[in-house]
Amino acid sequence: MAHRIQTIEDVAWLLRHTRGFRGGQVTDVHVARRHLFDENDCCEVLAETTVTVVIRYFIDVNAEGHPQRLLRLARFRMMGVTDFSIFEQEGTNSAAIDALQAEIQEGRLRFWFDQYGEIYVICEWAELEEVAYPDALPERQGATQWLFQARDADAPSVAWLLEQLDRAGVPCVWKHRSRTNATNANGTGKGKESHLLWAGELQVSPSRAFLSGDCLEVQAYGPLDGRSFGVMLRAQESERDTGGRLLSAVAEILTSHFAGESIAGRALLPEEPPFPRVTGRGKRNGQANS
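When the letters of the sequence shown are read in order and numbered with the numbering used here, they come out as residues 314 to 603.
Right under this line is the structure:
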């Protein structure tokens with residue numbers, strides 16, 4: 314569920330709920346501009362700018378009397394942007410957040426994602442969507458990760474997923490991974506192991522030789538952060554991109570059968586950014602109303 318941020322009360326809730334994303338990282342930034350055609354002047358005019366950031370941050374919560382450390386992935390979408398500034402961090406695909414600073418002036422929201430203003434946005438309103446993971450979710454070079462959390466439903470089984478893939482025309486084989494192996498490969502704490510329902514790898518059936526190739530890593534975990542169950546998918550990028558196509562197929566199955574939220578992330582800057590790429594340390598800023 315998306316939380317709308319527009320009033321001073323909304324901002325107070327945002328800072329309280331996220332603890333200001335303290336110690337987090339901005340891993341993705343997307344800028345979208347919508348244009349309308351002006352019939353009088355026979356030209357396109359800028360109608361709206363939206364800046365979306367994906368943030369990874371850890372938070373300590375108290376779940377049924379037990380302290381718990383969670384990883385949250387947040388998609389923070391800022392709409393009606395009138396000004397923004399983005400610095401690319403030299404040598405890295407992420408930007409560290411000290412603590413989010415926010416204020417309202419003249420009916421507009423102002424967000425500083427670090428004390429130096431390297432990511433700074435002025436907008437009319439914002440939306441926050443989040444998913445949680447029970448432990449550290451390590452980033453892998455050249456991999457795409459996708460997280461999904463269902464709002465209120467029982468977790469599916471491996472057999473159910475294989476049946477749905479078969480119906481979709483993508484029959485797969487499953488390689489099971491034990492809880493211990495799964496947590497050793499992807500996490501560090503017992504907290505994750507206690508939440509893990511099942512884990513393994515999907516690979517397209519040999520009968521579909523034209524699709525065979527890379528595996529898709531899949532993990533399902535139980536109730537967390539107020540949601541009923543979650544699924545993590547990870548595909549390693551390759552020339553054939555079989556894993557990426559399989560990820561899309563599984564994601565489509567899950568989102569079509571279960572209501573919930575999903576977030577994908579890879580890098581601070583998309584491969585084809587909507588503005589010119591700057592090498593080294595540079596500044597991008599935009600006056601959306603110019």
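By construction, the Cβ of each residue, glycine as well, lies at the ideal position given by its N, Cα and C atoms. Computed from a predicted structure; not experimentally measured.
Residue burial classification, Q381 (beta-carbon count within 10 angstroms, cutoff 16): buried
Cβ-based neighbour list, R390, same chain, cut-off 6 Å, excluding 5 preceding and 5 following: T365, E440
Same chain, Cβ closer than 6 Å to M545, neighbours up to 5 away in sequence not counted: L460, Q532
Coarse secondary structure for T457, derived from DSSP in three states: strand
Element boundaries [beta strand (DSSP E), containing A445]: 438-446
DSSP-derived helix/strand/coil call for L413: coil
Reduced DSSP secondary structure (H/G/I, E/B, other) of D467: coil
Of the listed residues I372, L327, V563, nearest to G482 (C-alpha basis): V563
Endpoints, the alpha helix (DSSP H) within which L327 is located: 321-331
For R423 and G500, the rounded distance between their alpha carbons: Residue placement at G500 is poorly supported in this model, since its pLDDT is 47, which falls under 50; the coordinates are not used for a value here.
Pair within 8 Å by beta-carbon distance, A548 and L510: no
When E322, L537, R335 are compared against D411, the one with the closest alpha-carbon: R335
Outcome for H570 when other beta-carbon atoms lying within 10 angstroms are tallied against a minimum of 16: exposed
N-terminal and C-terminal residue of the beta strand (DSSP E) that L546 is part of: 542-549
Nearest candidate by alpha-carbon position, reference L386, set W425, V344, Q462, L328: Q462
Which listed residue (R388, C528, S518) has its alpha carbon closest to that of A512: C528
Local conformation of G337 per DSSP, three classes: In this structure, G337 counts as coil in the three-state DSSP scheme.
Residue span of the beta strand (DSSP E) that contains L510, given as start and end: 509-517
Rounded separation between L515 and I399 - CA only: Computed Cα separation, rounded: 38 Å.
Cut-off 6 Å between Cβ atoms - residues of its own chain near A345, not counting five sequence neighbours on either side: T363
Endpoints, alpha helix (DSSP H) assigned at V394: Unbroken run through V394: none, as it is neither H nor E.
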